[in-house]
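Peer 1: Sequences listed follow chains A, B and C, in order. Position 113, counted from 1, in the first sequence is what my numbering calls 134; the numbers after and before it change by one each time, with no gaps. Position 74, counted from 1, in the second sequence is what my numbering calls 107; the numbers after and before it change by one each time, with no gaps. Position 53, counted from 1, in the third sequence is what my numbering calls 1502; the numbers after and before it change by one each time, with no gaps. Glycine included, every Cβ here is placed at the ideal spot set by N, Cα and C. Keep in mind that this is a model prediction, so the values were computed, not measured.
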Amino acid sequence: MANFTRLTLVLLFRITCWCLVTSSIETTNLLTGLVVCLLIPFGDFRRLKMRALIPEILLILRLPYDMIKECFELMLINDPIDNFTEEKVNIRATSGSKFAEFFDLFRITFTPMSLVTRRENSDVWRVHLVASASDVETKVKSKESDK
Amino acid sequence: MINSAIARLDSYQYIVIYVMLLISLVPVLAVSRTNSTTERIAYASSFGNKLAFIIISFGIFRGDWMIGCIGAFILIVGDAGMLILSLLEMRI
Amino acid sequence: MTITFVSYAILSLGLYFWIWGTLPILNKEHSIFYKLHTLTVADSVGSLLIVVALFLLAPQYWPLLLVTAISLSLWNTIFSYILGNISDRPS
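1. Locate the alpha helix (DSSP H) running through Asn1534 (chain C), then write down its first and last residues.
2. I'd like to check one pair, Ser1456 (chain C) with Ala1502 (chain C): are the Cβ atoms closer than 8 Å?
3. Output needed in chain order: residues of the region 1504-1520 of chain C with a Cβ under 8 Å from some Cβ in chain A.
4. If the cut is a Cβ gap below 7 Å, which residues of chain B does Ala1496 (chain C) touch?
5. Can you tell which of A:Ile102, A:Glu141 and A:Leu136 has the C-alpha that lies nearest to the C-alpha of Glu1478 (chain C)?
6. Determine the chain C residues that contact Ser79 (chain B) at a beta-carbon separation under 8 Å, and present them in chain order.
7. Is Val61 (chain B) near Leu1472 (chain C), with beta carbons less than 8 Å apart?
8. How long is the line joining the alpha carbons of Ile103 (chain B) and Ala73 (chain A), rounded to whole angstroms?
9. Cutting at 7 Å between CB atoms, please list the residues of its own chain near Leu1513 (chain C), excluding the five before and the five after it.
10. Helix, strand or coil: which one does DSSP assign to Glu107 (chain A)?
11. Just to confirm, are Ser163 (chain A) and Asp100 (chain A) a CB contact at a threshold of 8 Å?
12. Which residues in the same chain have their Cβ closer than 7 Å to the Cβ of Met34 (chain B), if we skip the five residues on either side of it in sequence?
13. Exposed or buried, which one is Pro133 (chain A) when buried takes at least 16 other CB atoms within 10 Å?
14. Taking only beta-carbon positions, decide if Gly1463 (chain C) is within less than 8 Å of chain A.
15. Relative to the alpha-carbon of Leu1462 (chain C), which residue among C:Val1500, C:Leu1523 and C:Ser1522 has its alpha-carbon at the smallest distance?
16. Going by beta carbon distance, what residues of the same chain come within less than 6 Å of Ile1468 (chain C), once the five residues before and after it are set aside?
17. When DSSP labels each residue in this structure, what does Met34 (chain B) get in the three-state scheme?
18. Given a cut-off of 8 Å on the beta-carbon distance, is the pair Ile74 (chain B) and Leu1532 (chain C) in contact?
19. What are the residues that DSSP puts in a beta bridge with Pro62 (chain A)?
20. Contact defined as beta carbons within less than 8 Å: I believe Ala63 (chain B) pairs with Tyr76 (chain B). What is the distance between those atoms, to the nearest angstrom?
21. Quick check on Ser153 (chain A): does DSSP put it in helix, strand or coil?
22. Taking Met96 (chain A) as the reference, which of C:Ile1452, C:Leu1460, C:Ala1458 and C:Phe1466 has the closest Cα?
23. Starting from the beta carbon of Arg66 (chain B), find every residue of chain C whose beta carbon is closer than 8 Å, and list them in chain order.
24. Check whether the region 33-44 of chain A and the region 74-90 of chain A are in contact - that is, three or more C-beta pairs closer than 8 Å.
25. Have a look at Ser90 (chain B) and Leu32 (chain A) and give me their C-alpha separation to the nearest angstrom.
26. Buried or exposed, going by whether 16 or more other CB atoms sit within 10 Å of the CB of Asp112 (chain B)?
27. Classify Asn24 (chain A) as buried or exposed, calling it buried when 16 or more other Cβ atoms lie within 10 Å of its own Cβ.
28. Using the rule of at least 16 other Cβ atoms within 10 Å of the residue's Cβ for burial, across every protein chain shown, is Asp65 (chain A) buried or exposed?
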């Protein structure tokens, strides 16, 4: 039963894509789309984990706000230098779902301020951020004065 | 049948198209100024992206579905080609 | 009339992002990572703003614009990840 639900979801997704690309929902077009969707190989849809996927898709909804905010943050930096940090991979992505992993990477890389460059090990992304050179200098100086 | 009233663009639409064209010349200049292959791929893909957007916005200003379709086509296919080129660069 | 005005305002914001994001690639002092960030500003955010403006201008073209927006964001994200991966390779 669970497999049947997964199959239906995959088919629905493909038919939605077909209708978007052809931009019509006439009966003949839908039938052609159904044939095309059934002809494309299905892959291993049995490993689809909807539980892990739904929160990831919901998290995408707050991307537009982050996008615009980080754009203006990036514009305010006048003297950029490289700054590599490490970020934890989302707990849903580490549980073995390929799609959740992809969505995690997508969310980090899509915003202008952060860029995933590598996967350090199984649960850490290596992320590149832009820092302002003057900010970093003041931080170093304050640390020295603390000592 | 194309109505001639649709085909005419407003003056600010012309300004938008020409500003886009001028911006899209910057990546061409940048490609000629660098030697690194990675940077060249990045600038070339940026150029393709901008050109596709000029075509899409021109099609929509003109009210012509077909020109917009061509623009979307160029965007998808051009970026896919650049992606495969960068994958090749990653393998080397 | 208001919608036309709002759409042209968003269009000019998108064009401003294009200009701001594209001009730093001529500067040889910046690293490639900073250039990738500014190209993200130009090619993803600026282009998505232009798509939104065009949607407000001509809502009957929504399938075309939706396909454009989805493919644009997917391609550009994967592309900048791959280019970052190439440049950050330990040598």
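Peer 2: Quick answer:
1. In the third sequence, counting from the first residue as 1, residue 1534 (chain C) sits at position 85. Looking at the DSSP string, the run of the alpha helix (DSSP H) that includes Asn1534 (chain C) is Trp1511 to Ser1536.
2. Within the third sequence, residue 1502 (chain C) is the residue found at index 53, counting from 1. Within the third sequence, residue 1456 (chain C) is the residue found at index 7, counting from 1. Yes, the pair counts as a contact, with Cβ atoms nearer than the cut-off.
3. Pro1512, Leu1513, Leu1515 and Val1516
4. The sequence position of residue 1496 (chain C) within the third sequence is 47, counting from 1. The sequence as given places Ser at residue 1496 (chain C); Ala does not occur at that position. Ordered by position in chain B, the residues that pass the 7 Å Cβ test against Ser1496 (chain C) are Asn82 and Phe86.
5. As a first step, residue 1478 (chain C) must be located in the third sequence, where it is residue number 29. Looking at the Cα atoms, A:Ile102 is the closest of the given residues.
6. Here residue 79 (chain B) refers to the residue found at position 46 when the second sequence is read from its first residue. Neighbours of Ser79 (chain B) on chain C, chain order: Thr1471, Ile1474, Leu1488, Ala1491 and Asp1492.
7. Here the question's residue 61 (chain B) lines up with position 28 in the second sequence. Here the question's residue 1472 (chain C) lines up with position 23 in the third sequence. Their beta carbons are not under 8 Å apart, which means Val61 (chain B) does not touch Leu1472 (chain C) by this criterion.
8. The residue given as residue 103 (chain B) occupies position 70 in the second sequence. The residue given as residue 73 (chain A) occupies position 52 in the first sequence. Between Ile103 (chain B) and Ala73 (chain A), the C-alpha separation is close to 37 Å.
9. Against the third sequence, residue 1513 (chain C) aligns to sequence position 64. Closer than 7 Å at Cβ, skipping near neighbours: no residue.
10. Against the first sequence, residue 107 (chain A) aligns to sequence position 86. In the structure shown, Glu107 (chain A) sits in a strand (DSSP, three-state: E or B).
11. On the first sequence, residue 163 (chain A) is found 142 positions in, with the first residue counted as 1. On the first sequence, residue 100 (chain A) is found 79 positions in, with the first residue counted as 1. Result no, Cβ atoms of Ser163 (chain A) and Asp100 (chain A) do not sit closer than 8 Å.
12. For this step, residue 34 (chain B) is matched to residue 1 along the second sequence. The predicted model places Met34 (chain B) with a pLDDT of 47, which falls under 50 and marks its position as unreliable; any figure quoted below should be read in that light. No residues qualify anywhere along the chain.
13. As a first step, residue 133 (chain A) must be located in the first sequence, where it is residue number 112. It counts as buried.
14. On the third sequence, position 14 is the one that residue 1463 (chain C) refers to. False, the Cβ-Cβ gap to chain A never drops below 8 Å.
15. The residue given as residue 1462 (chain C) occupies position 13 in the third sequence. Nearest of C:Val1500, C:Leu1523 and C:Ser1522 to Leu1462 (chain C), Cα basis: C:Val1500.
16. Position 19 of the third sequence, counted from the first residue, corresponds to residue 1468 (chain C). There are no such residues.
17. Translated into positions along the second sequence, residue 34 (chain B) becomes position 1. The predicted model places Met34 (chain B) with a pLDDT of 47, which falls under 50 and marks its position as unreliable, so this point remains unresolved.
18. Counted from its first residue, the second sequence places residue 74 (chain B) at position 41. Counted from its first residue, the third sequence places residue 1532 (chain C) at position 83. Yes, the pair counts as a contact, with Cβ atoms nearer than the cut-off.
19. Taking the first residue of the first sequence as 1, we reach residue 62 (chain A) at position 41. Its beta-bridge partners do not exist; DSSP assigns none.
20. If you number the second sequence from 1, residue 63 (chain B) lands on position 30. If you number the second sequence from 1, residue 76 (chain B) lands on position 43. That belief holds up - the Cβ atoms of Ala63 (chain B) and Tyr76 (chain B) are roughly 5 Å apart, short of 8 Å.
21. The residue you call residue 153 (chain A) lines up with position 132 of the first sequence. If DSSP states are grouped into helix, strand and coil, Ser153 (chain A) belongs with the strands.
22. Here residue 96 (chain A) corresponds to residue number 75 of the first sequence, with the count starting at 1. Nearest of C:Ile1452, C:Leu1460, C:Ala1458 and C:Phe1466 to Met96 (chain A), Cα basis: C:Phe1466.
23. Along the second sequence, one-based indexing puts residue 66 (chain B) at 33. Near Arg66 (chain B) (Cβ distances below 8 Å), the residues of chain C are Leu1475 and Lys1477.
24. no
25. In the second sequence, residue 90 (chain B) corresponds to position 57, counting from 1. In the first sequence, residue 32 (chain A) corresponds to position 11, counting from 1. Cα to Cα, Ser90 (chain B) sits roughly 33 Å from Leu32 (chain A).
26. The residue given as residue 112 (chain B) occupies position 79 in the second sequence. Asp112 (chain B) should be labelled buried.
27. To locate residue 24 (chain A), count along the first sequence from 1; it is residue 3. Flag for Asn24 (chain A) reads exposed.
28. Locating residue 65 (chain A) in the first sequence gives position 44, where the first residue counts as 1. Per the 10 Å Cβ criterion, exposed.
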